[in-house]
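Which chain is which? The protein sequence lines are A and B, in order. Start counting the first sequence at 1; every next residue gets the next number (the working numbering). Start counting the second sequence at 1001; every next residue gets the next number (the working numbering).
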Amino acid sequence: MTATPTIGPRQWHRFSVTERIMRSVFYLMALIAIVWSLRSIEIIPEFLYDAPQQTADLFARMWPIDWAWYPKVVHAALLETLHTATLGTILAVVMASLVALLVARNITRSAVLNGIGRFILVATRSVHAMVWALFFVAVFGPGALAGTLAIAVHSIGFTGKFLSEAIEEAKPGPIEALTAAGASPLAILLKGYWPQVKPAFLAIATFRWDINVRESAVLGLVGGGGLGMALDTALSNLYWDQAGLVLFVIFVIVIAVEIVTAWIRGKII
Amino acid sequence: MSDVPLPARTRRDAFPPNWPACIGLTVLALYVLYASTILDITWARFMVGLDQGSRFLSRMFPPNVAPDKLALLYNGMSESLQIAIIATAVGVLLSLPLGLAAARNLAPLPLAWFSRGLIVAFRTFHPVIVAILFVKAVGFGALAGMLALVVASLGFLSKLVAEAVEEMSMKPVEAVRATGASFLSVVVMAVLPQVMARFIGFSAYQLDSNLRNSALVGLVGGGGIGATLFTAFQRFDYDFVLTIVLAIIAVVMVGEIVSGFMRRLFQ
């Protein structure tokens, strides 16, 4: 007690000095970024004067919704969107499984191949489905083919990332048992890894399907087919009551899909 | 040795055929065929496309790095960054009150249900669709894109704030209330300390996602790099398209690193 009389009551801090400095630096950087953005962003104030009227006009023109348009165009577009999302997801899952096998370190024991796989995942994920759709529309022409491929390619990154993580988390016990029994690599994959990965696989696939229905509903705006195409037509013709119908259909289908995926997830897990 | 002859099969097959899975796979395969015909996806079209694709790729290489194009790229990209940063900041500021209003353990129930309905509406529509509506409301340009991303951020962040608040411990809240504190004091002293760490994690993720989406809203007139990209596509400047896409990938990757760093800093 008498050896340390000068120290006095100890000061307790929730965070270490480095943490506090780093956080302060971060706050400062965030502030600078926000101030820079606010000062240099170009907003045309003249556009803002009539914004309330424009908004009121928007809703006034949407109402009443043109229900008669549903059987003519929107129903087919809705089916196309659902098929695009589903087919795109199936394609994505098939391709992503192959890439995931390439990325998983416990299956492919080569850092170079792992790296190549990882690059594929990051590159497909970073480019948004709509940008992919622009590409595929340029290559295959407008339509559902471009939309499906855009959905499929963009989903590889997300699906493959989570799949490869699930594969890497698989317990080595069953794998070793199968190897000791002299099983072929395919048998090890199907009987050793697959049962362990299956729940994660199904969960990832349904989750991605949910996202893909949302995405495929807008792909048509750049020529990818489906509801987006109907929306684009309505908007170019300035038929806001038809646009309102498409928006309503998108709202309903997104909520319905969310309920369905929640139900499926409840069944799997 | 074997005086008792074993019956032909004493054990179950180790891997009996899994009929439900087989049927499921067959149905899936049939669906793929059916959907392909519905969507008019044929092998011939695919092959024609591949032929076009190779021409397309050859026109994309090498990426165009002419100074005037780079200036366009820089302008578009900085506008996208500004859109993403402001949208995240505004979204973060507004999502706290909205999230609190949607938490059923703090807000009165009618208000909570109203806020939840609002959040569902915000979350349901893709940012691109919201951007279209804002382009009509406030005209072309960065403001429409920014507002669309604010709505998207609000939908995502408020939902998570509401969930975090509903999961937190009510004991500090009761303690602070017992001292006669005002509602604002309860929020600042009892609620925020419990949800802040998670909230900052979500905000970092949202910044990331706004960066990606800010490249999108431009496609429908919301300003930023998306507008530059769309123009380049329409002018068949495919080599410049490649430059833009590479730049987007680079910015998104840097954004991922920054937001990962932010999450670790505030854990």
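The beta carbon of each residue, even a glycine, is placed where N, CA and C say it ideally should be. It should be emphasised that the depicted structure is a prediction, and the values quoted were computed from it without experimental measurement.
Alpha-carbon spacing of residue i relative to residue j, whole angstroms
i         : j         : result
A/Arg105  : B/Gly1139 : 50 Å
B/Phe1122 : B/Leu1154 : 7 Å
A/Thr124  : A/Ile156  : 6 Å
A/Ile250  : A/Gly228  : 9 Å
B/Gly969  : B/Val1188 : Outside the displayed span of chain B (1001 to 1267) sits residue 969 of chain B, for which this structure offers no information.
A/Met29   : A/Ser164  : 35 Å
A/Gly224  : A/Gln196  : 36 Å
A/Thr271  : A/Ile259  : This structure cannot speak to residue 271 of chain A, because chain A is shown only from 1 to 269.
A/Leu238  : A/His154  : 31 Å
A/Ala200  : A/Phe158  : 13 Å
A/Leu189  : A/Pro172  : 12 Å
B/Phe1183 : B/Glu1166 : 16 Å
A/Ile268  : B/Pro1020 : 15 Å
A/His128  : A/Ile32   : 28 Å
B/Ala1152 : A/Ile34   : 19 Å
B/Asn1075 : B/Leu1030 : 49 Å
A/Val252  : B/Asn1018 : 37 Å
A/Val25   : B/Gln1206 : 20 Å
B/Ser1054 : A/Ala170  : 40 Å
B/Val1120 : B/Ala1144 : 21 Å
A/Ile107  : A/Leu101  : 6 Å
B/Leu1109 : A/Thr261  : 27 Å
A/Ala76   : B/Val1128 : 22 Å
A/Val94   : B/Asn1210 : 29 Å
B/Lys1069 : B/Val1092 : 34 Å
DSSP-derived helix/strand/coil call for residue i
i         : result
B/Glu1163 : helix
A/Thr159  : helix
A/His83   : helix
A/Ala152  : helix
A/Ala146  : helix
A/Ile313  : Given a span of 1 to 269 for chain A in the structure shown, any question on residue 313 of chain A remains unanswerable.
B/Val1173 : helix
A/Gly115  : helix
B/Ile1083 : helix
A/Glu258  : helix
A/Ser110  : coil
A/Thr179  : helix
B/Asn1213 : helix
A/Asp50   : coil
B/Asn1075 : helix
B/Phe1122 : helix
B/Gln1206 : helix
B/Met1001 : With a pLDDT of 48 at B/Met1001, under the threshold of 50, the modelled position of this residue cannot be trusted, and the question is left open.
A/Ser184  : coil
A/Thr204  : Per the sequence shown, residue 204 of chain A should be read as Ile rather than Thr. Residue state, collapsed to three classes: helix.
A/Asp232  : helix
B/Pro1193 : helix
Where residue i falls, given that 16 or more other Cβ within 10 Å makes a residue buried
i         : result
B/His1126 : buried
A/Thr148  : buried
A/Gln53   : exposed
B/Gly1260 : exposed
A/Trp209  : buried
A/Tyr193  : buried
B/Leu1234 : It is Gln, not Leu, that sits at residue 1234 of chain B in the sequence shown. It is exposed - the Cβ of B/Gln1234 has fewer than 16 other Cβ atoms within 10 Å.
B/Met1001 : Caution applies to B/Met1001, whose pLDDT of 48 falls short of 50 and renders its modelled position unreliable; the value that the coordinates give is listed next. When all chains shown are included, B/Met1001 counts as exposed.
B/Asp1051 : exposed
B/Met1196 : exposed
B/Met1262 : buried
A/Glu42   : exposed
A/Lys72   : exposed
A/Gly115  : exposed
B/Ile1257 : exposed
B/Gly1024 : exposed
A/Gln11   : exposed
A/Tyr27   : exposed
B/Tyr1238 : buried
A/Ala111  : exposed
Proximity test, residue i beta-carbon vs the ligand GTP heavy atom, cut-off 7 Å
i        : result
A/Arg125 : Because no ligand of any kind appears in the structure shown, any question about the ligand GTP cannot be addressed here.
*Looking at C-beta atoms only, is the number of pairs between the region 1161-1173 of chain B and the region 1204-1217 of chain B that lie closer than 8 Å three or more?*
no
*Given 8 Å as the limit, is there contact between the region 59-75 of chain A and the region 245-261 of chain A, that is, 3 or more CB pairs closer than that?*
yes
*Touch test, the region 46-56 of chain A against the region 1132-1147 of chain B, Cβ-Cβ under 8 Å, three pairs minimum*: yes
_the region 173-188 of chain A contacting the region 127-145 of chain A, beta-carbon criterion three pairs below 8 Å_ = no
_Taking contact to mean 3 or more Cβ pairs, one atom from each stretch, closer than 8 Å, check whether the region 1085-1105 of chain B and the region 1205-1214 of chain B are in contact._
yes
*Check whether the region 1100-1108 of chain B touches the region 1240-1254 of chain B, taking contact to mean three or more Cβ pairs, one atom from each stretch, closer than 8 Å.*
no
*asked:* Three Cβ pairs or more, each shorter than 8 Å: is that satisfied between the region 202-217 of chain A and the region 84-102 of chain A?
replied: yes
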